[in-house]
Amino acid sequence: MVKKFTTLYRHIIDEERKIPEATGQLSDLLYDIALACKVISLEVNRAGLIDILGFTGQENVQGEAVKKLDVYANEILTHVMRIGGHACAICSEEDENFIPFADQYFKQDILNKYIVHFDPLDGSSNIDANISIGTIFSIYRRVSKNGPATLEDCLQSGLRQVAAGYVVYGSSTIMVYTAGKGVHGFTLDPSVGEFLLSYENMKIPKKSKTYSINEGNFSKWNDGVKNYINFLKENDKETSRPYTSRYVGSLVADFHRNLLYGGIFLYPADEKNKNGKLRLMYEANPLSMIVEQAGGRATNGIKRIVEIQPTELHQRTPLLIGSEEDVLIAEKFLEQK
Ligand code: AHM
Ligand code: MG
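Structure follows, in structure tokens:
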């Protein structure tokens, strides 16, 4: 736990000053994302008041349409990125295609060099139950030199991420990010509207006692996954088994808990979801960059997530992510399927 009083902005700028050739754009972009997430956080906190405050059906008291929170989150992020002047395109789990930003936002060549991927509101099936949800983001540098961004700019492997992070809207709102130099966490102080540094240089425990998986899918898994989960439930003091099971059903929330306390999260391929359920670009890649920066591991069972060359924006992938030793053991079981 840190004792110094450091705002997110201060921290980002300080990190950036360590890189002599940095232009300040990435810092501004990260700060824009944080700003959008503060707005989303406010709306998430008000979500349960909609009925009480007299919102009816699809309209609020001003006669405006009440938007679903995931649609709202997507619009806010898109808007903030568009006017921010640092992204030349965004790709969102909510939109079928990537959105290249119009020419008027190309102020000069050096600007708009980033591509940003979002899962605007992860865990959306939990919104109405007041369970933690979140926003996940991932930032790449464009590969094309100028003109509108292309699909090739958007389909880069996770190894080329410049920064990645997420915000959890939970008992407090927390933003965790990495720009390739460690993982840092900030807690939103709603009274001053600032994210304050609460976790510096986060490290995930190498080995854990917790697993997170939707065990309702048991009958659809291959034998490798079944054997691994059965193994975790056996009694063996020396290896801390049986493990504890924790599954929120919001990836960001499950991931954040495991990052703090150690744990392995799995969403493997199954009979129904042949390539797993989670999205490579919006969920797996950003969390993989974070977990690796924190000393953990993320694979699809065969290779590192960040080494997968994407072919589609909405590509899915099996995901094994968390404490390094646990992921390595899980991979061994999956090899024997
Ligand atoms: P979403 O981005 O549409 O909310 O879907 C992804 C979510 C993850 O947050 C979560 O880990 C997973 O889907 C839960 O899936 P399931 O209900 O099949 O366990
Ligand atoms: Mg999601």
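Residue 817 is where the sequence shown starts when you use the numbering used here, and the numbers rise one by one after that.
Yeah, the Cβ is synthetic: ideal placement off N, Cα and C, and Gly gets one too.
Here the structure is a predicted model, which means the values were calculated and not measured.
Proximity below 8 Å, CB of residue i to CB of residue j
{"i": "Glu-968", "j": "Lys-1036", "result": "no"}
{"i": "Gly-1117", "j": "Leu-1136", "result": "yes"}
{"i": "Met-897", "j": "Asp-938", "result": "no"}
{"i": "Pro-1058", "j": "Met-1097", "result": "no"}
{"i": "Ile-906", "j": "Phe-934", "result": "yes"}
{"i": "Arg-1132", "j": "Leu-1094", "result": "yes"}
{"i": "Asn-890", "j": "Ser-908", "result": "yes"}
{"i": "Gly-986", "j": "Ala-1110", "result": "no"}
{"i": "Ala-1114", "j": "Glu-1108", "result": "yes"}
{"i": "Asn-1091", "j": "Pro-1021", "result": "no"}
{"i": "Ala-995", "j": "Leu-842", "result": "yes"}
{"i": "Asn-1101", "j": "Ser-1028", "result": "no"}
{"i": "His-902", "j": "Leu-975", "result": "no"}
{"i": "Thr-1026", "j": "Thr-1060", "result": "yes"}
{"i": "Leu-1129", "j": "Phe-914", "result": "yes"}
{"i": "Phe-1081", "j": "Gly-1138", "result": "yes"}
{"i": "Arg-773", "j": "Val-978", "result": "Lying outside 817 to 1153, the shown extent of the chain, residue 773 is not represented and no answer is given."}
Distance between residue j and residue i (C-alpha atoms, nearest Å)
{"i": "Asn-962", "j": "Cys-904", "result": "10 Å"}
{"i": "Lys-1023", "j": "Gly-1078", "result": "7 Å"}
{"i": "Phe-1011", "j": "Tyr-993", "result": "12 Å"}
{"i": "Ala-850", "j": "Met-991", "result": "8 Å"}
{"i": "Ile-943", "j": "Lys-1049", "result": "31 Å"}
{"i": "Ala-838", "j": "Gln-1152", "result": "46 Å"}
{"i": "Tyr-888", "j": "Arg-826", "result": "28 Å"}
{"i": "Ala-1146", "j": "Asn-1017", "result": "26 Å"}
{"i": "Glu-1141", "j": "Arg-1120", "result": "14 Å"}
{"i": "Val-1008", "j": "Ile-931", "result": "30 Å"}
{"i": "Cys-853", "j": "Thr-894", "result": "12 Å"}
{"i": "Leu-1013", "j": "Asn-1038", "result": "42 Å"}
{"i": "Phe-871", "j": "Asn-861", "result": "Legend: pLDDT at Phe-871 = 46, less than 50; position of this residue unreliable, value from coordinates given subsequently. Each residue's alpha carbon lies about 15 Å from the other."}
{"i": "Ile-946", "j": "Pro-836", "result": "Correcting the residue identity first, residue 946 is Asn in this sequence and not Ile. Their backbone Cα atoms lie some 44 Å apart in a straight line."}
{"i": "Gln-878", "j": "Ser-1056", "result": "Confidence in Gln-878 is poor, its pLDDT being 49 and thus under 50, which makes the residue's placement too unreliable to answer from."}
{"i": "Glu-1099", "j": "Val-855", "result": "21 Å"}
{"i": "Pro-936", "j": "Lys-997", "result": "24 Å"}
{"i": "Gln-972", "j": "Leu-1103", "result": "16 Å"}
{"i": "Thr-822", "j": "Ile-1045", "result": "41 Å"}
{"i": "Thr-1003", "j": "Leu-824", "result": "9 Å"}
{"i": "Asp-1052", "j": "Phe-1149", "result": "17 Å"}
{"i": "Asp-911", "j": "Gly-1112", "result": "31 Å"}
{"i": "Phe-1034", "j": "Phe-1071", "result": "21 Å"}
{"i": "Asn-876", "j": "Ile-1106", "result": "Any answer about Asn-876 is weak, because its pLDDT of 48 lies below 50 and its placement is not dependable; what the coordinates show is given next. Rounded to the nearest angstrom, the two C-alpha atoms are 39 Å apart."}
{"i": "Ile-899", "j": "Pro-916", "result": "13 Å"}
{"i": "Gly-1001", "j": "Tyr-1015", "result": "5 Å"}
{"i": "Val-1041", "j": "Leu-1067", "result": "19 Å"}
{"i": "Tyr-1083", "j": "Asn-1030", "result": "7 Å"}
{"i": "Asn-1089", "j": "Glu-859", "result": "32 Å"}
{"i": "Val-885", "j": "Ile-892", "result": "The amino acid at residue 885 is misidentified as Val; the sequence shows Leu. If you take the alpha carbons of Leu-885 and Ile-892, they lie about 10 Å apart."}
Three-way DSSP call (helix, strand, coil) for residue i in this model
{"i": "Leu-1135", "result": "strand"}
{"i": "Phe-1011", "result": "strand"}
{"i": "Pro-1102", "result": "helix"}
{"i": "Arg-1155", "result": "Nothing in the structure corresponds to residue 1155, since the chain is present only between 817 and 1153."}
{"i": "Thr-1026", "result": "strand"}
{"i": "Asp-1142", "result": "helix"}
{"i": "Thr-1055", "result": "helix"}
{"i": "Gly-1117", "result": "coil"}
{"i": "Asn-947", "result": "Checking the sequence shown, residue 947 turns out to be Ile, not Asn. Three-state DSSP puts Ile-947 in coil, outside helix and strand."}
{"i": "Asn-876", "result": "Residue confidence for Asn-876 is low, a pLDDT of 48 falling below 50, so the modelled location carries little weight; the figure read from the coordinates is stated next. It is coil, neither helix nor strand."}
{"i": "Ile-1045", "result": "helix"}
{"i": "Ala-863", "result": "helix"}
{"i": "Ser-987", "result": "coil"}
{"i": "Ala-838", "result": "coil"}
{"i": "Lys-1090", "result": "strand"}
{"i": "Glu-831", "result": "helix"}
{"i": "Ser-973", "result": "coil"}
{"i": "Ser-908", "result": "strand"}
{"i": "His-902", "result": "coil"}
{"i": "Val-999", "result": "strand"}
{"i": "Leu-851", "result": "helix"}
{"i": "Gly-981", "result": "strand"}
{"i": "Leu-869", "result": "For Leu-869, the predicted structure reports a pLDDT of 49, less than 50, and the residue's modelled location is therefore unreliable. The matter cannot be settled from this model."}
{"i": "Val-959", "result": "coil"}
{"i": "Glu-1151", "result": "helix"}
{"i": "His-933", "result": "strand"}
{"i": "Phe-953", "result": "strand"}
Integer-rounded CB distance, given that residue j should sit under 8 Å from residue i
{"i": "Val-999", "j": "Gly-950", "result": "About 15 Å separates the two Cβ atoms, so there is no contact after all."}
{"i": "Gly-1032", "j": "Ser-941", "result": "No, Gly-1032 and Ser-941 are not in contact; Cβ-Cβ is about 14 Å, not under 8 Å."}
{"i": "Gly-840", "j": "Glu-831", "result": "Not a contact, Cβ separation roughly 12 Å."}
Contact test: residue i Cβ vs the ligand NAP heavy atom, cutoff 7 Å
{"i": "Leu-1135", "result": "As for the ligand NAP, it is missing from this structure, which binds only the ligand AHM and the ligand MG."}
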